[in-house]
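To start, the structure under review is shown below, and the notes come after it.
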Amino acid sequence: MLNEEKRKILIGAAVIIAIWAIWGLVQKANAKKDDVKDASPKHYVTKVSIPTPFSLNGQAESKQFSTLGLPSGKVQEIKVKNGQFIHKGDVILTTYDSEKQESKEEVQQELDKTKRMQQSALSSLNFAKRQLSQASKEDDGYSDLQKQAKEAQSSYDDAVSETTASQTKLASA
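What follows is the structure, encoded as structure tokens:
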């Protein structure tokens, strides 16, 4: 019995050593393939052109002139000097339109008001939900509390819609 156990251990050890030896040979073969790939020379061809420098002197005049339409309002600041070259997208001048500014301020006040209404409606909704959660379904006023909670939810939804509309209006002002 003891010899049989030794024999099984020796066979197991021999199998492990054989697997390890085969694995080592495979790794060595793969390493040689990688060395062959790395040993191949790599060449890159790049075309280089050297520009010939030159310079010119003279004056240029525009063949085309543009007339600009100004936005409404008073000119606040002129950003360019006479004869200065400009590119597409350059700011030439800034204007101030007091009517537009007043309109924007009114819309901002409207937005602030709708935000306060939304906050008030949210407080009412939370209060109604708290009362509803504390009451039991058998209470006499339970259906009234449900109705109040639905009305508070509706008021809150309306306030959210008005706030969103005011924000959109302010963004476009």
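The letter at position 98 of the sequence shown is residue 98 when you use full-length UniProt numbering, and the numbering goes up by one with no holes.
Here a beta-carbon is modelled for each residue, glycine too, at the ideal position from N, C-alpha and C.
On a predicted model such as this, the values are computed, not experimentally measured, just so you know.
Item, Value
"Report yes if the CB atom of Leu145 is closer than 8 Å to the CB atom of Leu125, and no otherwise.", "no"
"With Leu111 and Leu56 assumed to form a contact (beta carbons below 8 Å), what rounded beta-carbon distance in angstroms separates them?", "So it is not a contact: roughly 58 Å between Cβ atoms."
"In three-state terms, what does DSSP make of Tyr96?", "strand"
"Which word fits Ser161, buried or exposed, when buried means at least 16 other C-beta atoms lie within 10 angstroms of its C-beta?", "exposed"
"Quick one: is Ala21 buried, meaning 16 or more other Cβ sit within 10 Å of its Cβ, or exposed?", "exposed"
"With a floor of 3 residues, list each beta strand (DSSP E) that falls wholly inside the stretch 45 to 121, ordered by position along the chain.", "74 to 78 and 93 to 96"
"Are there three or more Cβ pairs, one per stretch, closer than 8 Å when the stretch 149 to 159 is compared with the stretch 114 to 130?", "yes"
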